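Scroll down for the structure; my scribbles are underneath it.
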Amino acid sequence: MGAFSYQPEFNYDAINPADSVEIIKHLLPFKGGFLKGLEAHLVNADNVQKYLATAPGETRKEINKNLKTIDAALVAIMRLYGHVENELSSRVLDTAAQREYYNHFVDSEIEEHKLEFVKLIRAYEVIKEFNVDVSEQWWSLAHVFEAFNAPSGEKQFLEQVLTYRIYPRIDLCNLTNLLLRRLGYLLKINHEEVVAGKVTVRGEYTSQLQYTYSSVFREDLSAIIEVYAADKKSDVPAGHTVEPAKEIRDTAIKSPYLLDTRGSEQFNQTHAYVLEINQSRFALEEAKVRRSIYVETHLGAEDEALRQDLIRKFISAARNKDREGEYRTFLYSYFQFTRDTLLMQLTNIPQEEHNLFMYHFGPLFFIKICTHFMRVGRTGYVHRHLKRNQMVRELPFEYVKYTLKEWWDNNVYLQVSRSERNSVVAYENLLDRIRHEWQEHQLRLLVIIKKDSALLRALNIHDVQTLGQLVESQISYLYHVKILRFLGQDFFYLPLHIGTGADKIST
Numbered sequence: 000m001g002a003f004s005y006q007p008e009f010n011y012d013a014i015n016p017a018d019s020v021e022i023i024k025h026l027l028p029f030k031g032g033f034l035k036g037l038e039a040h041l042v043n044a045d046n047v048q049k050y051l052a053t054a055p056g057e058t059r060k061e062i063n064k065n066l067k068t069i070d071a072a073l074v075a076i077m078r079l080y081g082h083v084e085n086e087l088s089s090r091v092l093d094t095a096a097q098r099e100y101y102n103h104f105v106d107s108e109i110e111e112h113k114l115e116f117v118k119l120i121r122a123y124e125v126i127k128e129f130n131v132d133v134s135e136q137w138w139s140l141a142h143v144f145e146a147f148n149a150p151s152g153e154k155q156f157l158e159q160v161l162t163y164r165i166y167p168r169i170d171l172c173n174l175t176n177l178l179l180r181r182l183g184y185l186l187k188i189n190h191e192e193v194v195a196g197k198v199t200v201r202g203e204y205t206s207q208l209q210y211t212y213s214s215v216f217r218e219d220l221s222a223i224i225e226v227y228a229a230d231k232k233s234d235v236p237a238g239h240t241v242e243p244a245k246e247i248r249d250t251a252i253k254s255p256y257l258l259d260t261r262g263s264e265q266f267n268q269t270h271a272y273v274l275e276i277n278q279s280r281f282a283l284e285e286a287k288v289r290r291s292i293y294v295e296t297h298l299g300a301e302d303e304a305l306r307q308d309l310i311r312k313f314i315s316a317a318r319n320k321d322r323e324g325e326y327r328t329f330l331y332s333y334f335q336f337t338r339d340t341l342l343m344q345l346t347n348i349p350q351e352e353h354n355l356f357m358y359h360f361g362p363l364f365f366i367k368i369c370t371h372f373m374r375v376g377r378t379g380y381v382h383r384h385l386k387r388n389q390m391v392r393e394l395p396f397e398y399v400k401y402t403l404k405e406w407w408d409n410n411v412y413l414q415v416s417r418s419e420r421n422s423v424v425a426y427e428n429l430l431d432r433i434r435h436e437w438q439e440h441q442l443r444l445l446v447i448i449k450k451d452s453a454l455l456r457a458l459n460i461h462d463v464q465t466l467g468q469l470v471e472s473q474i475s476y477l478y479h480v481k482i483l484r485f486l487g488q489d490f491f492y493l494p495l496h497i498g499t500g501a502d503k504i505s506t
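In terms of numbering that gives the first Met the number 0, the sequence shown opens at residue 0 and continues consecutively.
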């Protein structure tokens, strides 16, 4: 048994989040902001890494035996801090709050006061996720060093590592939990859900409170909340109970790694309406994006322009730490670009039905054309160092899917009412237009096929790949994907119903 074990500096769990005097006294490290309190994780992880290089003989042997576990935990802590630092930056937090505003409110326009409420909700979620993960890493380190059987002459080194570097950070995790309980008290959090490590909470908004960070440290916070609670209680008629809050948003995001836009009818129950993200691959690709030194964010350019863009990005690489934010912003723009390009093909579908078309086109086929455009246009790739002067260029497919999930939910799924999504009549009308348009092309393409022996053979042996290439060469790649989605791969074998024009290809 090791000579050291963790003893909490203080029992923070015993503090009532409504007790402002105690809260303010203990949360002093966070007085300068969320990151001011959390940055000690980064400082200590770096300090431990350097301090271990001075380990004496026997302890050095123990460290070497466990070096992989120790390094993995320290690197994970530094990466976790880098992530929380990015997520809590004002720009990223503002963007996230605007994106998630309608998860909490049904206003037609965003109200600034309510937006501040959403910002604190998002900050709570980010810090809670961080604290759980970083606590796990510090405890992992504590268990490793506590198990060392160091000789008496080297116990002082272990004391320095555990008592002055690792245990204080576990205390910080406990203190952060107190901060979260205080935030929960301010935001009146009444629902918290954790799915695959992602935290989602719902709170209760009131116009009587100022939702700024400084409110956490207000001495009169409990008095304001008590007045609000009393007013709310007096508004409920005798004999009535307050109903639990209802979900106000018909979201298709079923989990952080699943977008399920399927409806209640047979025609909208297929795989085309579902987008699944591989969690482990996404985690790897997310780390690669963060470590990238350059991301291609153009919409397609000539070689010379690409070289100039590359040079410019390398020069600014050191200044721009938010590579992930840059990439997400690009992806949102690229999704819109792809959507606009796809809708330009809809010559016989009215503009008011474009959202309905997008919904039925589905996220699975949309990601197919989006990544195809990226490969053809040589954009959307991330560049990162391997070793020495070697670099690798990759398209992080799962990361693109993960980002599309939220964009699709906001810009497609929620733009079509539930009744429209499940309307058989609306769906059949859409299909009829697509079938009619295809039959006009089908007639012309069958004439071409009849004149080409290789194509005629492909038609006879059901070679759908060759026939698809013909559609792409004669019309477009986008059109081919569209009829694959709505008419299936046997679209060439659908019966013609265009009057006597079909007689032109008869033998």
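Using N, Cα and C, we set each Cβ at its ideal position, and we do this for glycine too. All values reported here derive from a predicted model rather than from experimental measurement.
Query: As assigned by DSSP and simplified to three states, the class of Glu295; Result: coil
Query: Those residues which DSSP pairs with Lys197 across a bridge; Result: Val194
Query: Closest Cα partner of Gly202 within the set Ser4, Val117 and Leu27; Result: Val117
Query: N-terminal and C-terminal residue of the alpha helix (DSSP H) that Ile126 is part of; Result: Glu111 to Glu145
Query: Closest by C-alpha distance to Val131, when choosing among Glu153, Ala95, Thr175 and Asp93; Result: Thr175
Query: Beta-carbon proximity list for Thr250, same chain, < 7 Å, skipping 5 on both sides; Result: Asp408
Query: Alpha-carbon to alpha-carbon, Leu157 and Gly183; Result: 37 Å
Query: Ile366 and Arg432 closer than 8 Å at C-beta; Result: no
Query: Span separating the alpha-carbon of Gln97 from that of Arg90; Result: 11 Å
Query: Backbone CA spacing between Phe329 and Asp462 [nearest angstrom]; Result: 38 Å
Query: Buried/exposed call for Ser291, threshold 16 Cβ in 10 Å; Result: buried
Query: Contacts around His239, its chain only, beta-carbon distance under 6 Å, and the 5 residues preceding and following it disregarded; Result: Interpretation of His239 is limited by its pLDDT of 48, a score under 50 that renders its predicted location unreliable; the figure taken from the coordinates is listed afterwards. Within the same chain, His239 has no close Cβ partners at all.
Query: Residues bridged to Arg383 [DSSP beta-bridge criterion]; Result: Val391
Query: Every unbroken beta strand (DSSP E) inside the segment 27-86 [3 residues or more]; Result: none
Query: Phe9 burial status per 10 Å Cβ neighbour count (16 or more: buried); Result: exposed
Query: For Leu274: DSSP bridge partner residues; Result: Leu258
Query: Rounded separation between Leu26 and Gln389 - CA only; Result: 46 Å
Query: Identity of the residues DSSP links to Ile252 by a beta bridge; Result: Leu258
Query: Burial state of Leu460 (16 or more Cβ within 10 Å); Result: Strictly speaking, residue 460 in this sequence is Ile, with Leu absent from that position. Counting Cβ neighbours within 10 Å, Ile460 comes out exposed, since fewer than 16 surround it.
Query: Integer-rounded CB distance, given that Leu483 should sit under 8 Å from Leu493; Result: Leu493 to Leu483, Cβ: 13 Å. No contact.
Query: Interface flag, Leu403 vs chain B, CB-CB below 8 Å; Result: In the structure shown, chain B cannot be found, because there is only a single protein chain.
Query: Beta-carbon proximity check, Tyr426 vs His359, cutoff 8 Å; Result: yes
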